[in-house]
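What follows is a short report on a single structure.
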Amino acid sequence: MPIFANPAYDTAHLLDTFVLVLSFALLYQRRLFAMITLYAWQAFFLAAAAAWQAYAQDAPHLYITAAIALVFKAIVIPLALHRIIIYLDIHRSIETALGIGPTMAVGVGLVALSILLVLPVTAASGALTRESLAAALSVVLLGLLMMITRRNAVSQVVGFMSLENGLILAAVGVKGMPLVVELSVAFSVMVAFIIFGVFFFHIRERFDTLDVHDMEQFRGEGR
Amino acid sequence: MLTLVAALLALYGAAALLGVVGGRRVLVPVYVLSGLAAAATALGAARFLASGAAPETAVLPLGLPWIGAHFRIDALSAFFLFVLGTAGALTSLFAVDYGGHDDDPGRVLPFYPAFLAGMSLVLVADDAFSFLVSWETMSLASWLLVLATHRQSETRSAAFLYLVMASIGVGALLLGFGLLAGGSGDFAFAALRGAALGPWKSGLFFALAVIGTGSKAGMVPLHVWLPPAHAAAPSHVSALMSGVMTKVAIYGFIRLLFDLAGPAQWWWGAVVVALGGITALLGVLYAVMQSDVKRLLAYSTVENIGIILIGLGLALAFHANHLDLLAQLALIAALLHAFNHATFKSLLFLGSGAILVATHSRDMDKLGGLIHRLPMTAVAFLVGAVAISGLPPFNGFVSEWLTFQAIVNGALLPQWLLKLAVPVVGAMLALAVALAGVALVKAFGIIFLGRPRNNAAATAQETGALMLAAMLALAALCMVTGVAPQLVLALAQPAATLLLPHGAGLDLSSPLWLAPLGPDHSSYSGGVILLAVTFLAALLGLVIHRFASDRARRSAPWDCGFPDTRPETQYSAAGFAQPIRRIFGATVFAARERIDMPAPGDTRPARFEISFRDPVWEAIYAPTARLVSLLADRLNLLQFQTIRRYLSLMFAALVLLLLIVAVSQ
């Protein structure tokens, strides 16, 4: 196949890859502000991918998905998280996570697993769908990995929302997915964000920390 | 016929609702409705079988949306419906009088019709989903009926054990059906019948089917729940559980292994015959040692299930070797024994219920001499006891004789293992039948003969005309089936022809002589035996009176041959079983007798203690229970983890499953 033989395929693939690479960046970023900025960029590229799919698939409702992703995920949520971090006065905290090397290695393994898994299963469908699905599954798995390697509640929330980004990426990559699903997913993220926001303040009021490790002490469990 | 069954199910439903709403005030209508429905089932099924009608099927849009509920009546279902209806009708008749004597009749009324309905549904279900749902309805209804006597602590532990074993059984059935359906997702029996499993898978299916249906039927080593549960239930429910529910399990066994499993392997027959022999022998050995009459009867149920399984195993072995006429003989022997056991075991359990009402005791060592107080009950109980001991001219003899005919022909099997094993199983069966006689002589002798062992037994009164009528009707049925077995055999033959179409069918042409394999083979005539027995008994009586009575004898003048008049000096239940316990108990049950003799001058009484253990329980159940509780303790750690660990576990599980999918591609 000559290079640029199919611009729709290549552009979609490029945007998916941006989302995926930003997932990796999120995985090793330890500063909270930088992490939120990366998340905003990931959401931005997700919006771009959705818009491109809308154009390539000639499905106008995907533009709405793109707009939702752009407005809420790339702008509103990051700003809100920013404010929360300043309000809670934790912007100088650097959290310890799993070392960068091992995390990256595991992440690469997960991407390889997704590709091995998705490509044979979807052999019958078009290339556009297949690559997007592999990228989307990788983003989901990396988001999960981020959630379990982080100890700060804010970074766990960011991991969760990055996981949602992966779901949206999968949803827009498949032809004929109705808008209802995407709206519900988007709103579920909103709801989750609100819940987590309230949750933070309550935790802070009660325990004076956002480190999940400290909360385990309060539960009287942990090690 | 299916319409009739549907109407009867509606009737059971109405009775159950009535029982929920009305409590004990509606006792009579509930049992009358249930009895009428059961009687109609029996009549309808007999008509269906006698007319030789083709199987009827129906698909209703119930249950799972893409499956629907399939129902079918064929000769096999109809035969078992006949068994269910006969025993159910007479048990309900008994219960009209008996039900009011329950501790808490309101706890029995709603579930009694539901139990009958559940069993009927199992018999007509024609897809795996309906079958399992009906099976569970049956199990749960009977479980609730057992719990009707929940105030006794032993009932609660019995019910718990029953629930656990029922779950294991239905789990095995669920897996078996899944194996049979494979990936097709079509659970109708018509589709499952065509499933071609490889040798490994069909062997696994065989094992699952035997575990699933055998645990419900009371096959050793899955029998442990049966005696406590059957003994704890109210007596008319015990009669249904022992007489009918175990037969529904046998129906499941036949349906799964003869109808759905595809071509039989000869080793299936070997395994089932061996299990049947062990079940028969162990069951009756347990029975001999019991002193609670209902437990004795329940263990005797285990023995009879063993006899039925021997017949079924032989049928499988003959069928696998294309000896279909002999397979039909063995299968019909098993079917007839299923019917017979439903009659005489229901009769005996109803008899134990009548005794319980009259004396408030199930412990044989507190009874005695009841033949004077309850003469009609004694006659009915005696007929049941003689029939279950396999003595002519009653029905137990006929089915056991047919089973032995199949065993004798086991020499025709080509496999050497079977050639050698079948006679051994025959010997075990003969021993089991003889020991059943011991157990029932003990039950009848200790309960009805001798002198009353306490005041309640001395002042007992016959209870309820309907209770007596039900028992006498069952006794008459035992007699009629024994003298004219062709009546029931003709109803069983269509089922055998349906399942083993290559057999020629048994020779039932002569109404007087039963010669199943033709006139040049063994034959039996209930009528002739009846005449001979009557004649010889009369002759014996005459001879004794004529020649023995006028012999001069010397004895103490006023003790009537009973020197110490205290009732404790009579044979006790444990004493009667002592020879058997010494022969078999020391090895099989680790029975120990201990005499605790006080020192000279000490005034406390001497004590004689007997202890025995259940080898099956100690070898299988106790280690399993320990293992489960150990694993549960270990897994308990998972219950108290941090949020992050929970997430990590889920993540690890997800990645592992994805890896399996990726690799398996």
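Quick mapping for you: the protein sequence lines, in order, are chains A and B. When you line the first sequence up against numbering that gives the first Met the number 0, it's residues 0 to 222, in that order. When you line the second sequence up against numbering that gives the first Met the number 0, it's residues 0 to 664, in that order. Glycine is no exception: its CB is placed at the ideal position from the N, C-alpha and C atoms. Bear in mind that the values here come from a model prediction, so they are computed numbers and not experimental data.
Can you tell me whether residue i is buried or exposed, with buried defined as 16 or more other CB within 10 angstroms of its CB?
i                            : result
glycine 182 of chain B       : exposed
glycine 383 of chain B       : buried
glycine 525 of chain B       : buried
tyrosine 86 of chain A       : exposed
phenylalanine 447 of chain B : buried
isoleucine 2 of chain A      : Any reading at isoleucine 2 of chain A must be qualified, since the residue scores a pLDDT of 49, below 50, and its modelled position is unreliable; no value is offered.
valine 25 of chain B         : buried
glutamate 399 of chain B     : buried
alanine 652 of chain B       : exposed
alanine 410 of chain B       : exposed
methionine 0 of chain A      : Note that methionine 0 of chain A scores a pLDDT of 41, beneath 50, so its modelled location is shaky and nothing firm can be said.
histidine 501 of chain B     : exposed
glutamine 41 of chain A      : buried
isoleucine 277 of chain B    : buried
serine 166 of chain B        : exposed
alanine 543 of chain B       : It should be pointed out that residue 543 of chain B corresponds to isoleucine in this sequence rather than to alanine. Classification for isoleucine 543 of chain B: exposed.
proline 493 of chain B       : buried
glutamate 220 of chain A     : Because glutamate 220 of chain A sits at a pLDDT of 48, beneath the cut-off of 50, its placement in the model cannot be relied upon, and the point is left open.
leucine 419 of chain B       : exposed
alanine 333 of chain B       : buried
arginine 222 of chain A      : At arginine 222 of chain A the pLDDT is 42, less than 50, meaning the model places this residue with poor confidence; the figure from the coordinates comes in the next sentence. Flag for arginine 222 of chain A reads exposed.
histidine 520 of chain B     : exposed
arginine 452 of chain B      : buried
Going by the CB atoms, is the gap between residue j and residue i shorter than 9 Å?
i                            : j                            : result
phenylalanine 188 of chain B : histidine 318 of chain B     : no
glycine 688 of chain B       : alanine 41 of chain B        : Here chain B has residues from 0 to 664 only, and residue 688 of chain B is not among them.
phenylalanine 205 of chain B : glutamine 264 of chain B     : yes
glycine 172 of chain A       : methionine 160 of chain A    : no
asparagine 394 of chain B    : glycine 481 of chain B       : yes
leucine 335 of chain B       : alanine 386 of chain B       : no
valine 378 of chain B        : threonine 462 of chain B     : no
leucine 284 of chain B       : phenylalanine 588 of chain B : yes
aspartate 96 of chain B      : leucine 465 of chain B       : yes
alanine 55 of chain A        : asparagine 164 of chain A    : no
isoleucine 210 of chain B    : glycine 168 of chain B       : yes
leucine 19 of chain A        : serine 137 of chain A        : yes
Relative to the alpha-carbon of residue i, which residue among the options has its alpha-carbon at the smallest distance?
i                            : options                                : result
tyrosine 250 of chain B      : B/Pro60, B/Ala88, B/Leu311, B/Pro597   : B/Leu311
tyrosine 161 of chain B      : B/Ala228, B/Arg192, B/Leu355           : B/Ala228
phenylalanine 457 of chain B : B/Ser521, B/Asp506, B/Ile370, B/Leu539 : Just to set this straight, residue 457 of chain B is alanine in the shown sequence, not phenylalanine. Looking at the Cα atoms, B/Ile370 is the closest of the given residues.
valine 301 of chain B        : B/Asp323, B/Ala314, B/Ala341           : B/Ala341
aspartate 572 of chain B     : B/Glu461, B/Phe650, B/Ala621, B/Gly367 : Note on identity: in this sequence residue 572 of chain B is alanine, with aspartate being the wrong assignment. Considering only alpha carbons, the answer is B/Gly367.
leucine 498 of chain B       : B/Ile331, B/Phe546, B/Gly449           : B/Ile331
phenylalanine 348 of chain B : B/Leu656, B/Gly51, B/Phe93, B/Phe257   : B/Phe93
proline 614 of chain B       : B/Lys418, B/Leu281, B/Arg593           : B/Leu281
alanine 88 of chain B        : B/Gly261, B/Met470, B/Ala9             : B/Met470
glycine 99 of chain B        : B/His235, B/Asp323, B/Leu637           : B/His235
glutamate 256 of chain A     : A/Val138, A/Leu118, A/Val139, A/Ala48  : Outside the shown range of chain A, which is 0 to 222, sits residue 256 of chain A, and nothing can be said about it.
tyrosine 665 of chain B      : A/Phe23, A/His60, A/Thr148, A/Leu166   : Since the first and last residues shown for chain B are 0 and 664, residue 665 of chain B lies out of range.
valine 188 of chain A        : A/Leu162, A/Ile114, A/Ala169, A/Val153 : A/Leu162
tyrosine 523 of chain B      : B/Asp506, B/Leu179, B/Gly197           : B/Asp506
leucine 131 of chain B       : B/Ala140, B/Arg71, B/Val121            : B/Val121
Regarding residue i and the ligand HEM, is the C-beta to nearest heavy atom distance less than 8 Å?
i                      : result
leucine 335 of chain B : Ligands displayed in this structure: none; no statement on the ligand HEM is therefore possible.
Determine the chain B residues that contact residue i at a beta-carbon separation under 8 Å, and present them in chain order.
i                         : result
methionine 160 of chain A : By Cβ distance, chain B contributes nothing, its closest Cβ being about 15 Å from methionine 160 of chain A, past 8 Å.
leucine 144 of chain A    : Phe650
isoleucine 67 of chain A  : Ordered by position in chain B, no residue passes the 8 Å Cβ test against isoleucine 67 of chain A, which lies about 27 Å from the chain.
Cβ closer than 7 Å: which chain A residues qualify as neighbours of residue i?
i                      : result
alanine 661 of chain B : Leu112, Leu115, Leu116
leucine 658 of chain B : Leu112
Report the neighbours of residue i on chain B: residues whose CB is nearer than 7 Å to its CB, in chain order.
i                      : result
proline 119 of chain A : Gln664
Run through chain A and tell me which residues come within less than 8 Å of residue i, C-beta to C-beta.
i                       : result
serine 647 of chain B   : Ile147
leucine 637 of chain B  : Residues of chain A passing the Cβ test: none, with the nearest at roughly 12 Å.
leucine 191 of chain B  : Correct list: empty, because the minimum Cβ distance to chain A is about 29 Å.
valine 654 of chain B   : Leu109, Leu112, Leu140
arginine 603 of chain B : The contacting residues do not exist; arginine 603 of chain B stays about 56 Å from chain A at best.
In chain A, which residues lie less than 9 Å from residue i when you measure between Cβ atoms?
i                       : result
arginine 633 of chain B : Result: empty, since nearest Cβ-Cβ is about 17 Å, beyond 9 Å.
In the segment 74-120 of chain B, which residue ranges form an unbroken alpha helix (DSSP H) of at least 4 residues, counting only runs that do not cross its ends?
-> 74-97, 104-107
4-residue-minimum alpha helix (DSSP H) runs that sit fully inside the segment 522-557 of chain B, ordered along the chain = 525-542
What are the start and end residues of each continuous alpha helix (DSSP H) run of 4 or more residues lying completely inside the segment 390-461 of chain B, in chain order?
-> 394-407, 415-447, 454-457
Jot down the residue ranges of each uninterrupted alpha helix (DSSP H) in the segment 217-245 of chain B, minimum 4 residues, whole runs only, in chain order.
-> 225-231, 234-239
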